[in-house]
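I have placed the structure first, in the form of structure tokens, so that the comments after it can refer back to it.
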Amino acid sequence: MTKQPREVALLAESGRLLASVFDMLDRTPLAGLTTLQVDEMVERFIVDELRARPASKGQYGYGFVLNASVNDVVCHGVPSASQVLRDGDIVNFDITLEKNGYIADSSKTYLVGAVDVAARRLVQATYDAMWMGIRAVRPGARLGDIGWAVERHARRQGYSVVREYCGHGIGREMHEAPQILHFGRPGTGMALREGMVLTIEPMLNRGRRNVRTEADGWTVVTSDGSLSAQFEHTVAVTASGVSVLTLRSREQNRAA
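In the UniProt record's numbering, the protein residues as written are 1 to 256.
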């Protein structure tokens, strides 16, 4: 469960490469692209430019490099040649990358073109909730502290937290112990230790927290059709606090 310094360094390298994938997407005009085109673009970048492996492709029988979750899709949206990203959409891209045997995991919700104020507010609140959870990470803190920090912020902003999906430990495997819930009570749960590497990845809904899985067996949507957003980082517990291994170039001020 805890990683040796050499392993954390390898995970940090995978995280750095994955961050560069999102930096590439930040420069990409998304309106008019299909989610399958984005998937293919990301695969080329990871394989050809970064000489790394897209870890999600083939995992659990999944056939794509990323999840593309648009508007009311909570998570696990399947890329499609018929799904065109349009002005006003929000879309979460959840991407994993493996280099030298170690996996990093991150996601970001993008605003496509001119997005209305309500959707922008949800996306910002979700991003801030993720950072609330990250800032609760330090040696001796409890898993419940992370969940409480996320849920408290979400509720204050008027949003619900999806409970069916959670963060997780990560390393040589994409999903390792422990599970990182995005709700909870402070002072409860496992104590964090230096060397633990985790993902924090809250999903917030504008409406009720309830979700359902569509007939494809992958795509999870809000039960009431409301918008959903998600952000995710891979983080390591350090001697003094936390290090964000997938930190993107535009986020340097958030980590300070």
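Built from N, CA and C at the ideal position, the CB exists for glycine as well.
Name the DSSP beta bridge partners of residue i, please?
| i | result |
| --- | --- |
| threonine 219 | Answer is none; threonine 219 lacks a bridge partner. |
| glutamine 252 | Per DSSP, none; premise fails for glutamine 252. |
| lysine 108 | Phe93 |
| leucine 204 | Val161, Ala229 |
| valine 78 | According to DSSP, which records beta bridges pairwise, valine 78 is partnered with nothing at all. |
| alanine 9 | For alanine 9, which the question treats as bridged, DSSP gives no partner whatsoever. |
| valine 237 | Val242 |
| glycine 167 | Ile180 |
| threonine 2 | Met196 |
| arginine 212 | Val221 |
Looking at residue i and the ligand MN, is the gap between the Cβ and the nearest heavy atom below 7 Å?
| i | result |
| --- | --- |
| threonine 213 | This structure simply doesn't include the ligand MN, nor any ligand for that matter. |
Could you name the residues of the same chain whose beta carbon sits closer than 7 Å to that of residue i, not counting the 5 residues immediately before and after it, in chain order?
| i | result |
| --- | --- |
| leucine 111 | Ile90, Arg120, Val123 |
| glutamate 251 | none |
| alanine 52 | Leu17, Ile46, Leu97, Glu98, Lys99 |
Measuring alpha carbon to alpha carbon, tell me which of the options ends up nearest residue i.
| i | options | result |
| --- | --- | --- |
| proline 133 | Ser69, Asp23, Val244 | Looking at the sequence provided, one finds glycine at residue 133 rather than proline. Looking at the Cα atoms, Val244 is the closest of the given residues. |
| methionine 196 | Gln252, Glu232, Arg142 | Arg142 |
| serine 249 | Ser20, Val8, Gly144, Ser14 | Ser20 |
| glutamate 101 | Asp216, Leu247, Val8 | At residue 101 the sequence reads glycine, which differs from the glutamate that was named. The shortest Cα separation from glycine 101 among Asp216, Leu247, Val8 belongs to Val8. |
| phenylalanine 183 | Ile170, Arg209, Gly217, Val78 | Arg209 |
| tyrosine 60 | Val211, Glu173, Asp224 | Glu173 |
| leucine 85 | Gln252, Leu30, Gly171 | Leu30 |
| alanine 136 | Ala68, Leu33, Leu18, Gly241 | Gly241 |
| leucine 18 | Thr28, Val47, Gln37 | Val47 |
| glycine 189 | His153, Gly140, Ala215 | Gly140 |
| glutamate 98 | Glu214, Ala215, Glu194, Ala12 | Ala12 |
| isoleucine 170 | Glu201, Thr219, Arg155 | Glu201 |
| arginine 156 | Asp128, Glu176, Ala177 | Asp128 |
| serine 56 | Leu50, Glu43, His153 | Glu43 |
| alanine 81 | Thr35, Met41, Asp87 | Thr35 |
Quick check on DSSP: helix, strand or coil for residue i?
| i | result |
| --- | --- |
| tyrosine 102 | strand |
| asparagine 67 | strand |
| phenylalanine 231 | coil |
| residue 261 | Residue coverage of the chain in this structure runs from 1 to 256, which leaves residue 261 outside it and unanswerable. |
| methionine 196 | strand |
| arginine 172 | coil |
| glycine 88 | coil |
| proline 178 | strand |
| alanine 141 | coil |
| arginine 152 | helix |
| alanine 31 | coil |
| valine 117 | helix |
| alanine 136 | coil |
| glycine 147 | helix |
| arginine 53 | strand |
So, at 8 Å on beta carbons, what are the nonlocal neighbours of residue i in its own chain, with the 5 sequence-adjacent residues on each side left out?
| i | result |
| --- | --- |
| methionine 203 | Val74, Cys75, Thr126, Val161, Val162, Tyr165, His182, Ser228, Ala229, Gln230 |
| methionine 130 | Val150, Ile200, Glu201, Pro202, Phe231, Glu232, His233 |
Enumerate in chain order the residues of its own chain whose CB-to-CB distance from residue i is below 6 Å, with the five nearest sequence positions on each side excluded.
| i | result |
| --- | --- |
| glutamate 151 | Val161, Phe183 |
| leucine 33 | Leu85 |
| arginine 206 | Leu122, Ser226, Leu227 |
| leucine 224 | Residue identity check: residue 224 is aspartate in the sequence provided, not leucine. These residues qualify, in order along the chain: Gly207, Arg208. |
| alanine 149 | Met132, Gly133, Ala136 |
| aspartate 39 | Phe64, Val65, Leu66, Pro79 |
Whole-angstrom Cβ separation of residue i and residue j, contact assumed at under 8 Å?
| i | j | result |
| --- | --- | --- |
| aspartate 94 | asparagine 71 | With 8 Å as the limit, aspartate 94 and asparagine 71 do not qualify as a contact, their Cβ atoms being about 15 Å apart. |
| glycine 187 | glycine 144 | 6 Å |
| threonine 238 | threonine 246 | The Cβ separation is near 15 Å, so there is no contact. |
| methionine 1 | alanine 114 | With a Cβ gap of about 45 Å, methionine 1 and alanine 114 do not count as contacting. |
| glycine 77 | serine 69 | 4 Å |
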